[in-house]
Amino acid sequence: MSALAPWLEQDYQQAQQWRRQGKFHHALLISGINGVGQNAFAEAVAKLLLCEKTDNAPCGQCHSCQVAKADTHPDLMVLDGQEGGIRVDAVRQVVAKVANKPQLGYSKVVLLHDAHQMNVNAANAILKALEEPPASTFFVLTTHTSRSLMPTILSRCQRMTLPTPNADQVSQWLLNEANVDASNLLWFSQTPYHLLSLTQSPSFDMLQQLPTWLAEWLHGNLRSDELGSKASKETTADFIDGLLALLTQAVQYTVTNQCHAHVHGAVTGLLARYDIYRLMGFIQQLTHLKSQLDKTHLNPTIQIIGELNSW
Numbered sequence: 001m002s003a004l005a006p007w008l009e010q011d012y013q014q015a016q017q018w019r020r021q022g023k024f025h026h027a028l029l030i031s032g033i034n035g036v037g038q039n040a041f042a043e044a045v046a047k048l049l050l051c052e053k054t055d056n057a058p059c060g061q062c063h064s065c066q067v068a069k070a071d072t073h074p075d076l077m078v079l080d081g082q083e084g085g086i087r088v089d090a091v092r093q094v095v096a097k098v099a100n101k102p103q104l105g106y107s108k109v110v111l112l113h114d115a116h117q118m119n120v121n122a123a124n125a126i127l128k129a130l131e132e133p134p135a136s137t138f139f140v141l142t143t144h145t146s147r148s149l150m151p152t153i154l155s156r157c158q159r160m161t162l163p164t165p166n167a168d169q170v171s172q173w174l175l176n177e178a179n180v181d182a183s184n185l186l187w188f189s190q191t192p193y194h195l196l197s198l199t200q201s202p203s204f205d206m207l208q209q210l211p212t213w214l215a216e217w218l219h220g221n222l223r224s225d226e227l228g229s230k231a232s233k234e235t236t237a238d239f240i241d242g243l244l245a246l247l248t249q250a251v252q253y254t255v256t257n258q259c260h261a262h263v264h265g266a267v268t269g270l271l272a273r274y275d276i277y278r279l280m281g282f283i284q285q286l287t288h289l290k291s292q293l294d295k296t297h298l299n300p301t302i303q304i305i306g307e308l309n310s311w
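Residue numbers for the sequence shown follow full-length UniProt numbering, beginning at 1 and rising by one.
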């Protein structure tokens with residue numbers, strides 16, 4: 001990964017200014033739409049806070065910077081809500097550790113990725129630490145749904161909302177980062193880090209072809225079992241999300257008369273066959289199916305084929 005994404009630079013400069021002026025709060029909550037870069041931004045801020053030269057952080061030269069660059073800094077503790085939630089025992093272990101003096105430099109940093117994934121007990125343990133922060137300790141929290149956090153936690157955090165890049169910025173950044181043209185996937189998602197993760201998964205090729213497959217199905221050139229079988233075990237969730245995105249594009253087209261060029265055939269095909277009420281019904285059905293597949297061991301391919309046959 002290269003330098004921080006361009007749409008994050010202005011907020012990062014603000015964080016640097018807070019650090020230089022001694023105005024950095026002991027707790028920072030970084031929010032924004034899911035996939036805009038909260039985690040990458042938080043990791044950059046952590047390195048800024050760990051640098052030994054507060055007036056020129058991160059200097060990249062001090063011992064703390066060198067160790068942080070290698071991801072082995074003993075004063076950086078990470079709790080990641082994406083890995084099955086954040087539990088109270090893990091929070092207590094981290095809080096106990098930051099009660100000690102820094103092993104390197106002058107600061108300790110606790111990163112809480114997807115802080116909204118904390119259970120109630122974990123949130124209360126963090127709240128206590130925020131109310132009585134250990135010396136030289138910074139808490140950096142990330143979320144894409146700040147309303148899911150306890151109001152008392154929100155009230156104790158300095159807050160920063162990251163901007164959402166436009167389609168051109170996302171396309172250019174992905175070209176620079178992954179040498180991939182993702183412009184044909186902007187109908188599916190415009191969140192850059194979500195798209196970046198897709199470029200490294202089998203869903204990338206599948207989603208680029210999904211609008212064409214759906215258009216062929218709508219014109220009778222592809223059977224339901226053939227279309228449903230395009231979803232593999234690894235790509236089922238993205239396949240359903242792709243169908244949902246195409247249905248949503250069709251609903252929006254009835255208002256704006258605009259859609260992404262790559263999905264025009266699928267969108268106009270849907271509208272030629274169904275009215276807006278049927279489309280919205282399909283969205284509800286697919287959303288319910290996705291929820292059921294997350295909770296049960298139903299065969300996803302059979303369920304998707306059954307869904308298509310009901311349309």
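Every residue gets a Cβ at the ideal spot worked out from N, C-alpha and C, and that includes glycine.
The model shown is predicted, which means the values in this text are computed figures rather than measured ones.
Could you name the residues of the same chain whose beta carbon sits closer than 6 Å to that of residue i, not counting the 5 residues immediately before and after it, in chain order?
{"i": "P163", "result": "W7"}
{"i": "T143", "result": "S31, A115 and H116"}
{"i": "F239", "result": "A231"}
{"i": "I86", "result": "L79, Q117, M118 and A122"}
{"i": "T199", "result": "A178 and V180"}
Specify the secondary structure class of residue i as computed by DSSP and reduced to three states.
{"i": "L141", "result": "strand"}
{"i": "L76", "result": "strand"}
{"i": "T248", "result": "helix"}
{"i": "T287", "result": "helix"}
{"i": "I30", "result": "strand"}
{"i": "V180", "result": "coil"}
{"i": "M150", "result": "coil"}
{"i": "L112", "result": "strand"}
{"i": "M1", "result": "Bear in mind that a pLDDT of 45 at M1, under 50, signals an unreliable position, so the model cannot answer this."}
{"i": "L186", "result": "coil"}
{"i": "V91", "result": "helix"}
Given residue i, which residues of its chain have a CB within under 8 Å of its CB, disregarding the five upstream and five downstream residues?
{"i": "M77", "result": "V94, K97, V98, K108, V109, V110 and L111"}
{"i": "T72", "result": "none"}
{"i": "Q285", "result": "E307 and S310"}
{"i": "C65", "result": "K47, L50, C51, E52, P58 and C59"}
Do residue i and residue j have their CB atoms nearer than 7 Å?
{"i": "A250", "j": "P211", "result": "no"}
{"i": "A27", "j": "R156", "result": "yes"}
{"i": "G37", "j": "Y193", "result": "yes"}
{"i": "L29", "j": "L141", "result": "yes"}
{"i": "S136", "j": "P102", "result": "yes"}
{"i": "I276", "j": "T256", "result": "no"}
{"i": "A125", "j": "R92", "result": "yes"}
{"i": "D113", "j": "N34", "result": "According to the sequence displayed, residue 113 carries His and not Asp. In this structure, N34 does not lie closer than 7 Å to H113 by Cβ."}
{"i": "F282", "j": "L247", "result": "yes"}
Taking 7 Å as the limit between beta carbons, can you name the residues of its chain near residue i, skipping five residues before and five after?
{"i": "G242", "result": "F188, L207 and L210"}
{"i": "P300", "result": "A231, T236 and L293"}
{"i": "L298", "result": "Q292"}
{"i": "I305", "result": "S224, D225 and G228"}
Return the bridge partner residues of residue i from the DSSP annotation.
{"i": "M206", "result": "Answer by DSSP bridge pairing: none, since M206 is not bridged."}
{"i": "T161", "result": "S31"}
{"i": "I86", "result": "M118"}
**Prompt:** Are three or more beta carbon pairs between the stretch 173 to 185 and the stretch 226 to 241 nearer than 8 Å?
**Reply:** The stretch 173 to 185 vs the stretch 226 to 241: no contact.
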